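Heads up, the thing below is written out as structure tokens.
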Amino acid sequence: METFKRKIKYYECDRMGVTHHSNYIRIMEETRIDALDQMGYGFEKMEAEGIVSPVVSVSVDYKRTTTFQDLIEVELKVLEMSALKLKFGYTMKRDGKVVCTASSTHCFIGADGRPIIIENTHPQLYAALKELM
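If you're matching positions, the sequence shown starts at 88 in the numbering used here and goes up one per residue.
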């Protein structure tokens with residue numbers, strides 16, 4: 088899995104010139120979307136197959152600031168997987184130094200809004216996610 092890379096945009100910075108804390112959550116989502124695309128299981132495919140993956144919780148620890156034009160590299164791992172939940176871990180770096188560590192927990196639900204166990208319903212997606220552990 089390729090590391091997700093992205094530059095901080097001007098509008099993401101606050102009056103102090105540093106990246107506003109809320110933007111790290113957006114970067115987490117962009118990282119997940121990129122990883123799923125790399126696995127061949129992007130949001131379009133998931134939604135076409137009737138799967139959605141809402142965020143259940145988010146945790147973020149800020150270590151260093153970032154500013155406009157800084158290149159952020161994000162490493163993504165699956166920290167935990169159970170029948171109903173999936174927890175991603177994110178390590179964001181600038182110039183090799185950790186600027187942020189974070190996690191997001193998700194579940195999988197079908198078009199009817201009921202939880203699904205992807206290991207049973209979508210084994211290819213389950214196997215691809217397991218490889219990120």
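We treat Cβ as the ideally placed atom computed from N, Cα and C, and that holds for glycine.
Just so it is clear, the structure is predicted and the values come from calculations on it, not from any experiment.
- With contacts defined by Cβ atoms closer than 8 Å, residue 153 and residue 185 do not form a contacting pair.
- Spanning the alpha carbons of residue 114 and residue 157 requires a straight line of approximately 13 Å.
- With respect to the C-alpha of residue 149, the residue from 199, 213, 98, 181 having the closest C-alpha is 181.
- Residues of the same chain with a CB within less than 8 Å of the CB of residue 127, apart from the 5 flanking positions on each side, are 215 in chain order.
- According to the DSSP assignment, residue 149 belongs to no alpha helix (DSSP H) but to the beta strand (DSSP E) extending over 142–149.
- Counted as a single uninterrupted DSSP element, the stretch harbouring residue 96 is not any beta strand (DSSP E), since DSSP gives it neither H nor E.
- Along the region 96–136, the alpha helix (DSSP H) occurs as fully enclosed runs of 4 or more residues at 110–125, 130–135, listed in sequence order.
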